[in-house]
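K.L.:
Each residue of the sequence shown is one higher than the one before, starting from 299 at the first, in our numbering.
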Amino acid sequence: MPELPEVETVRIGLSELLPGRIFSAVTHDTDKSFPNAPADVNAFLIGSSVTAVRRRAKVLLIELSSNYSLVIHLKMTGQLVFVGKANEGNEERRVKNVEKRPSSSFGVLHSNPDEVRFGAGHPNDSLVNKLPDKSTRVEFTFTDGGKLFFNDQRKFGWVKLLPTTEVPNIDFMKKVGPEPLAAEFTSSEFAGRFERRKNTTIKAAILDQTVVAGVGNIYADESLWGAKIHPSTLVKDISKAQFSRLFTELQYVLNLAIQKGGSSNHTYVNAEGKKGSYMDFARVFRREGLPCPRCGARLVKLRVAGRGTHICPKEQKLA
Ligand SMILES: [Zn+2]
């Protein structure tokens, strides 16, 4: 499932390509993927331009000049792919910005004088295939001929058109915890978020989206290993110093994964057709039986909070 770093990868790429573009048409297959009234679509999407691309937890927000937003949840297998021309004046600047980064940090990206293509999210061949294909659920067209495809094999994801002022009031937004990478989010606030889960294990608590937003199984294991905390430790037994270390480690692994373009354990195909792995940075996740990169002990796999959990048994001990 795309997690915070994958969705952030989508946001970074689209925020350099979409702003200023005007929607001219949209088609979709199932209403489940695009549950919006045609009258709203005509009034608030068609003819509107993109003003910003934001993210909250794992939800992507494309803000429009009509004061509506496209709220997009990729769920299990969602991905977004932009294909468009790169021939406008300010387009050149956008392409240059994008080219500064290696394509591995962007999922899939290639650009030439005639076309820019960017795709990220669930890593499969639709990122590089000719689109639309059989996984395409929604196809947006811009007035300059550019296209944005929402592909979703398993159809759990969705694209909703909502007034921008209503977005913070949707149920998910009201419940979700703070962004772990927000500049104003401090280590002591981070520790404070766990007060509500004092009697559960730290692993269960850190995966709880109401505690902090967007932390999935990979980042939980990687950050607990980094902080040398056993995942079964009860929250009430974790010291202030440990929380502080965990916070630092969590930010480190999330930032690293964003740099690498996400962490999906599937292989991805880049623009040159080469396969790579987003998991190269993992130090403990799915590495059971291999030596701990810090102390050399054999890493083991446990089950904690109902999830496969990876630890160094020598350095992550239960008190
Ligand atoms: Zn170790």
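Glycine residues also receive a C-beta, built at the ideal position from the N, C-alpha and C atoms.
Give the range of the alpha helix (DSSP H) segment to which F483 is assigned.
P.N.:
Looking at the DSSP string, F483 is not in any alpha helix (DSSP H), and its letter there is neither H nor E.
K.L.:
Hey, R495 and D327: beta-carbon distance below 8 angstroms or not?
P.N.:
No, they are not a contact pair.
K.L.:
Whose C-beta lies closer than 6 angstroms to the C-beta of P317 among residues of the same chain, with five residues either side of it excluded?
P.N.:
The residues are V348.
K.L.:
State yes or no: is the C-beta of K599 nearer than 7 angstroms to some heavy atom of ligand 1?
P.N.:
False, no ligand heavy atom lies under 7 angstroms from that Cβ.
K.L.:
Considering only their Cβ atoms, is the gap separating F380 from G444 smaller than 8 angstroms?
P.N.:
Yes, they are a contact pair.
K.L.:
May I ask you to check if the CB of A595 is nearer than 7 angstroms to at least one heavy atom of ligand 1?
P.N.:
A595 Cβ: within cutoff of ligand 1.
K.L.:
Starting from the Cα of G376, find the closest Cα among V357, L362, S364 and give me that residue.
P.N.:
The shortest C-alpha separation from G376 is found at V357.
K.L.:
Compare the Cα-Cα distances from Y550 to each of K534, G524, D535 and report the closest residue.
P.N.:
Closest option to Y550, Cα to Cα, is G524.
K.L.:
From what residue to what residue does the alpha helix (DSSP H) around D450 run?
P.N.:
Run containing D450: none in the alpha helix (DSSP H); it sits in the beta strand (DSSP E), 445-450.
K.L.:
Under 7 angstroms: does the beta carbon of E547 sit that close to some heavy atom of ligand 1?
P.N.:
Every heavy atom of ligand 1 is 7 angstroms or more from the Cβ of E547, so no.
K.L.:
Considering V305, what are the terminal residues of the alpha helix (DSSP H) in which it resides?
P.N.:
Unbroken alpha helix (DSSP H) run through V305: 302-315.
K.L.:
If we count Cβ pairs, one from each stretch, closer than 8 angstroms, do we get three or more for the region 600-607 versus the region 492-509?
P.N.:
Taking 8 angstroms as the limit for Cβ pairs, the verdict is that the region 492-509 does touch the region 600-607.
K.L.:
When you compare each of G594, I609, V305, P611 to G455 by their alpha carbons, which one comes out closest?
P.N.:
Here the closest residue by C-alpha is V305.
K.L.:
Return yes when at least one heavy atom of ligand 1 lies under 7 angstroms from the C-beta of E520, else no.
P.N.:
No, the beta carbon of E520 sits no closer than 7 angstroms to any heavy atom of ligand 1.
K.L.:
Once you ignore the five residues that flank L459 on each side, which residues in its own chain have a CB closer than 7 angstroms to its CB?
P.N.:
N334, D338, V339, F342, L343, Y366, L368.
K.L.:
What residues in its chain sit with their C-beta under 8 angstroms from that of D535, if we drop five residues either side in the sequence?
P.N.:
Contacts found: A617.
K.L.:
Could you have a look at P336 and say whether DSSP puts it in helix, strand or coil?
P.N.:
In the structure shown, P336 sits in a helix (DSSP, three-state: H, G or I).
K.L.:
Within 10 Å of its beta-carbon, does P300 have 16 or more other beta-carbons around it, so buried, or fewer, so exposed?
P.N.:
Flag for P300 reads buried.
K.L.:
With a threshold of 16 other CB atoms inside 10 Å of the CB of L315, please say whether the residue is buried or exposed.
P.N.:
With 16 or more Cβ atoms within 10 Å of its Cβ, L315 is classed as buried.
K.L.:
Within its chain, find whatever has a CB closer than 7 angstroms to the CB of S433; leave out the 5 residues flanking it on each side and keep chain order.
P.N.:
Within the same chain, S433 has close Cβ partners S424, N449, D450, Q451.
K.L.:
Does the beta-carbon distance from A418 to L378 come in below 8 angstroms?
P.N.:
Cβ distance < 8 angstroms, so A418 and L378 count as in contact.
K.L.:
Grouping DSSP H, G and I as helix and E and B as strand, with all else coil, what is R584?
P.N.:
Residue state, collapsed to three classes: coil.
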